[in-house]
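Have a look at the structure below before the remarks.
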Amino acid sequence: MHTLEEGQRFERYRILHYLGEGISGESYEVEDIALQRKATLKLIHPWSTLTDAARRQFFRQMQVISLLTHTYLTTMLDYGEVDGQLYIVRQYTGYGSLLGPAGRAWFNPPLGEAEAIRYTYQLAQALHKIHKYRYVHGALSLSNILVVSAPPAEKARATASPFLLTDVGLGHFVRRYGHPRITHLPATAAPEQMELRLLPASDQYALAALLYFWLTGRHLFQGTSEEITQAKLSGSFIAPTELNSSITPAQEAILRRALSIAPRNAIPPSSHLPRNWQ
1 MHTLEEGQRF ERYRILHYLG EGISGESYEV EDIALQRKAT LKLIHPWSTL TDAARRQFFR
61 QMQVISLLTH TYLTTMLDYG EVDGQLYIVR QYTGYGSLLG PAGRAWFNPP LGEAEAIRYT
121 YQLAQALHKI HKYRYVHGAL SLSNILVVSA PPAEKARATA SPFLLTDVGL GHFVRRYGHP
181 RITHLPATAA PEQMELRLLP ASDQYALAAL LYFWLTGRHL FQGTSEEITQ AKLSGSFIAP
241 TELNSSITPA QEAILRRALS IAPRNAIPPS SHLPRNWQ
């Protein structure tokens, strides 16, 4: 059972609809009563109270993350605490994530190479902005990429993006300072995240895993949580050239570099992945 009900008021927001639960908390479509607009409210770790140290860390992080602005990042509109409950508010998008019906229908892989690289490059730009401020997203996955439109028309493809990246740092915050209900990591999580270590290269790993999925139509790893863990630690996955004959050996080498298990701190920035593809 979720925490808030339709019609209930939370701070200056009226609850319209429960959207779902993820690693970091519960999301709701809300109306900002003061500004008379829709937004998305996320309750952070609503199932139990976080420690004072965790709450202080949340506000330190949000002071920086709330200032991040980028074409391919969702805008954070508000954050705070009500009766011990931490929350954030961000811009509302009506289509949900890439795991929703619109995302699955419009962006069903395998995608064309040019399209996959374009989306990867756009996400890489957003990650570069996050890393520039010494933060790491830490949970780049299909569930944290929000759909804002259908694939752009041909004339708009150079700059327009149908996606926005959201929830910067929240998944890692809850894993480190709280007790997440969802204990398994996203399939795109880097090996070092199993030990709660997080590097900019962790985001690069997740980005490469997404590119692999978009190009091949197959997730990088499949199986039980234990089987996926073992495959990640060994670095063994089906060669993308076996699943998509248009991928060249040089391009496969770029993917394998980003998905290397060690040394993770020596891997180039995320922007190098799509930039070096051609």
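Position 207 (the sequence shown) corresponds to 207 in full-length UniProt numbering; numbering is contiguous.
Ideal placement from N, C-alpha and C gives every residue a C-beta, glycine not left out.
Note that the structure is a prediction, hence the values are computed from the model and not measured.
Inter-residue Cα distance where the pair is residue i and residue j
i	j	result
residue 140	residue 57	21 Å
residue 132	residue 166	17 Å
residue 155	residue 254	Reliability of the predicted coordinates at residue 155 is poor, the pLDDT of 49 falling under 50, and the value obtained from them is presented with this limitation in mind. If you take the alpha carbons of residue 155 and residue 254, they lie about 29 Å apart.
residue 198	residue 68	19 Å
residue 202	residue 256	14 Å
residue 32	residue 75	15 Å
residue 143	residue 250	30 Å
residue 113	residue 195	34 Å
residue 70	residue 3	31 Å
residue 46	residue 61	18 Å
residue 184	residue 53	24 Å
Short Cβ contact (8 Å threshold) for residue i with residue j
i	j	result
residue 124	residue 240	no
residue 30	residue 14	yes
residue 82	residue 40	no
residue 24	residue 136	no
residue 95	residue 103	yes
residue 147	residue 100	yes
residue 247	residue 170	no
residue 260	residue 223	no
Top-ranked residue by Cα proximity to residue i, from the options
i	options	result
residue 229	201, 207, 188 and 118	188
residue 34	12, 67, 219 and 246	12
residue 180	2, 36 and 22	22
residue 42	61, 86 and 36	86
residue 177	5, 48 and 37	48
residue 161	170, 172 and 145	145
residue 244	261, 211 and 224	211
residue 182	205, 109, 225 and 163	225
Own chain partners of residue i with C-beta closer than 8 Å, once the 5 adjacent residues on each side are dropped
i	result
residue 20	26 and 27
Contact set for residue i: own chain, Cβ-Cβ below 7 Å, skip 5 residues either direction
i	result
residue 286	A query on residue 286 cannot be resolved here, the shown segment of the chain reaching from 1 to 278 and no further.
residue 117	274 and 277
Chain-order list of residues whose beta-carbon lies under 6 Å from that of residue i (same chain, five-residue window excluded)
i	result
residue 150	106
residue 6	15
Subject >> Runs of beta strand (DSSP E) lying entirely within the stretch 112-198, each at least 3 residues, in chain order >> reply: 145-147 and 163-165
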